[in-house]
Amino acid sequence: MKFFFTILAVVLFQFSGWTQIKYANKEETEIAVRVESLRQALIDPDANKLTELTSKNLSYGHSSGVVQNQSIFIEKLINGESDFVSIEFQNQTIEVIGKVAIVRHNLVAHTKDGGVDKDIKIGIILVWQKQKNKWILIARQAFKLPT
Numbered sequence: 001m002k003f004f005f006t007i008l009a010v011v012l013f014q015f016s017g018w019t020q021i022k023y024a025n026k027e028e029t030e031i032a033v034r035v036e037s038l039r040q041a042l043i044d045p046d047a048n049k050l051t052e053l054t055s056k057n058l059s060y061g062h063s064s065g066v067v068q069n070q071s072i073f074i075e076k077l078i079n080g081e082s083d084f085v086s087i088e089f090q091n092q093t094i095e096v097i098g099k100v101a102i103v104r105h106n107l108v109a110h111t112k113d114g115g116v117d118k119d120i121k122i123g124i125i126l127v128w129q130k131q132k133n134k135w136i137l138i139a140r141q142a143f144k145l146p147t
């Protein structure tokens with residue numbers, strides 16, 4: 001069943017308006033699909049999906065300087081403390097170096113953290129690692145963009 005959903009995601013990704021970037025190879029396309037799965041899981045959090053996408057040793061850094069591990073990252077999303085209403089990834093690039101991939105993009109989002117509406121635009125760097133034939137997020141760091 002997982003195989004079916006993976007194929008469906010790849011097909012939808014290639015024929016949808018998710019991105020205008022054409023990736024150079026299969027690895028970059030696989031990573032782009034995983035990044036899109038992460039985006040969707042941030043908006044509609046599911047503990048199982050977030051666990052499957054991320055490393056148990058995850059280092060998840062926020063632009064405020066706060067760094068969370070996998071369990072805290074997931075807990076804050078599930079309990080609504082961190083609440084993404086919408087997210088768009090802009091200007092995304094993917095660089096594959098062996099079994100590691102570096103993804104950079106700008107995150108434009110509307111949040112409702114603690115019930116407070118806020119629009120944000122921050123820079124993001126994601127580090128993915130291929131583990132057992134699957135790309136897993138091992139690190140994320142957000143940063144404030146120059147104004």
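If you read the sequence shown in UniProt numbering, its first letter stands for residue 1, the second for the next number, and so on.
Ideal placement from N, C-alpha and C gives every residue a C-beta, glycine not left out.
Here the structure is a predicted model, which means the values were calculated and not measured.
- G61 is bridged by DSSP to V67 and Q141.
- As far as DSSP is concerned, T51 takes part in no beta bridge.
- Between the segment 31-43 and the segment 126-135, the count of Cβ pairs shorter than 8 Å is three or higher; the stretches touch.
- Per DSSP, reduced to three states, the secondary structure at K26 is helical.
- Cβ neighbours of N57 within its own chain (closer than 6 Å, five residues either side excluded): none.
- Counting C-beta pairs closer than 8 Å gives fewer than three between the segment 109-116 and the segment 45-54, which falls short of the contact rule.
- In terms of Cβ geometry, F84 and A109 form a close pair [threshold 7 Å].
- N79 has no beta-bridge partner at all, per DSSP.
- In this structure, the alpha-carbon of P45 lies about 6 Å from that of I78.
- With respect to V103, I94 sits close: the two C-beta atoms are nearer than 7 Å.
- For G123, the uninterrupted beta strand (DSSP E) run begins and ends at V116 to Q131, by DSSP.
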